[in-house]
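J.: The numbering of the sequence shown is our numbering, which starts it at 9 and goes up by one. Structure in structure tokens, see below.
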Amino acid sequence: MQAIRKPTLTDMALIVSIGMIWGTSFLAIKLAVREFSPTSIAAIRISIAFLVLFAVMRWRGLSLPRSPRLWAGISLVGIFNTSVPFFLVSWAEQSVDSGVAALLMGLGPLLTIIASHISTSDDKLTSSKIIAVIMGFGGVLIIAGADALAGLGDNLRGQLALIAASLCYVISGQFVRRYSQIQVESFTAAILLAGALSLMPWLAISASHADAHISPLPVMAVVYLGLVPTGLAYLLRFHLIRTVGNSYAVLGVYLVPVVGVLLGTILLDEPLTVTTLAALALILGALAWARWKA
């Protein structure tokens, strides 16, 4: 297992970048579910990401792992890091309010620092990490608002699906560093291939009931999900987990709801409120604290 190091300013910039990228994915999912099933969205975005990463991998002269033993573990990580949570989030997005979704997905960093403390020898729980997580979650609480807290318990199945998706990311993320001997491009491509293959039977069933007339916007949304929030973001995420540990890599999740609100301001002419700016300041403060006290 590769030893982790103190996060640099470049690492923190990558963490912010991942949070911003993932923040755009919820809008894209909202557009995609208009005409694609949750299974189709998950399968297509993972397949697109794999094809792009595979091309990058081959361009760099790398190859996929060949050991059956490695593939057994990679397949499990791939399924629980891509296909299962992607399906759960896409399905939940059909019924769960965005503020409630932000709160539930915001549990991820808290669960991650606990899981990392238990499962690793060098990514232990520290007071600075706890403070950073509390500050970040505080920012999510501010932007989600009291209505989101009041909405906890409504649409229970959708909310449980989001919690399950967070757990999938947390648990599978703990296994990423065990494959540090594989180049990150090859590892990411292998993870995506495993996730895509696991969904192919379900995609075939969904395709048989699909409408032949699909408008361009949902198609563009799914392609975007594959290229950026899946392909690019996963490459960056796995790199960060290997170098600075999962408990730091996950902090970008807190930026997701803020980016969602900012997109509403930019694309939908929604007002930019002091509350949003306060939440953004608190979350960026959490990231700065995590870097300063690392």
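Backbone N, C-alpha and C define an ideal beta-carbon position, used for all residues, glycine too.
Give the single residue among 145, 173 and 83 whose Cα lies nearest to the Cα of residue 204.
T.: Taking the sequence shown and counting its residues from 1, the one referred to as residue 204 is at position 196. Nearest C-alpha to residue 204: 83.
J.: Would you check if the segment 248-264 and the segment 175-191 touch, i.e. whether three or more CB-CB distances between them fall below 8 Å?
T.: Judged by Cβ distances under 8 Å, the segment 175-191 makes contact with the segment 248-264, as three or more pairs qualify.
J.: If residue 111 sits next to residue 171, beta carbons under 8 Å apart, how far is it from one beta carbon to the other, in whole angstroms?
T.: On the sequence shown, residue 111 is found 103 positions in, with the first residue counted as 1. On the sequence shown, residue 171 is found 163 positions in, with the first residue counted as 1. In fact, because the Cβ distance is near 10 Å, the residues do not count as touching under 8 Å.
J.: In whole angstroms, what is the alpha-carbon distance linking residue 127 and residue 85?
T.: Position 119 of the sequence shown, counted from the start, is the residue given in the question as residue 127. Position 77 of the sequence shown, counted from the start, is the residue given in the question as residue 85. Distance between the alpha carbons of residue 127 and residue 85: 15 Å.
J.: With burial defined as no fewer than 16 other Cβ atoms inside 10 Å of the residue's Cβ, what is the status of residue 18: buried or exposed?
T.: Taking the first residue of the sequence shown as 1, we reach residue 18 at position 10. In the assembly as shown, residue 18 is an exposed residue. Its beta-carbon has fewer than 16 other beta-carbons within 10 Å.
J.: Jot down the residue ranges of each uninterrupted alpha helix (DSSP H) in the segment 186-228, minimum 4 residues, whole runs only, in chain order.
T.: 192-216
J.: Which of the three DSSP states is assigned to residue 162 in this structure?
T.: The residue labelled residue 162 in the question sits at position 154 within the sequence shown. Three-state DSSP puts residue 162 in a strand.
J.: Buried or exposed, going by whether 16 or more other CB atoms sit within 10 Å of the CB of residue 67?
T.: Taking the sequence shown and counting its residues from 1, the one referred to as residue 67 is at position 59. Exposed.
J.: In chain order, what residues of the same chain lie with their CB nearer than 6 Å to the CB of residue 51, ignoring the 5 residues before and after it?
T.: Stepping through the sequence shown from its first residue, residue 51 is reached at position 43. 207 and 211.
J.: Roughly how many whole angstroms lie between the Cα atoms of residue 22 and residue 182?
T.: Mapped onto the sequence shown, residue 22 falls at position 14. Mapped onto the sequence shown, residue 182 falls at position 174. If I take the Cα positions, the gap works out to 19 Å.
J.: My understanding is that residue 102 touches residue 41, with C-beta atoms under 8 Å, so please give their C-beta distance in whole angstroms.
T.: The residue you call residue 102 lines up with position 94 of the sequence shown. The residue you call residue 41 lines up with position 33 of the sequence shown. With 8 Å as the limit, residue 102 and residue 41 qualify as a contact, their Cβ atoms being about 6 Å apart.
J.: Suppose you measure from the CA of residue 136 to the CA of residue 222; what does that come to, to the nearest Å?
T.: As a first step, residue 136 is located in the sequence shown; it is residue number 128 there, counting from the start. As a first step, residue 222 is located in the sequence shown; it is residue number 214 there, counting from the start. Taking the straight line joining both Cα atoms gives about 49 Å.
J.: To the nearest angstrom, how far is the alpha carbon of residue 20 from that of residue 295?
T.: For the purposes of this step, residue 20 is identified with residue 12 of the sequence shown, where counting begins at 1. For the purposes of this step, residue 295 is identified with residue 287 of the sequence shown, where counting begins at 1. Whole-angstrom Cα-Cα distance: 7 Å.
J.: Judging by CA-CA distance, which residue of 143, 104, 130 and 95 is the nearest neighbour of residue 118?
T.: Within the sequence shown, the letter at position 110 stands for residue 118. Taking only the C-alpha atoms, the option nearest residue 118 is 143.
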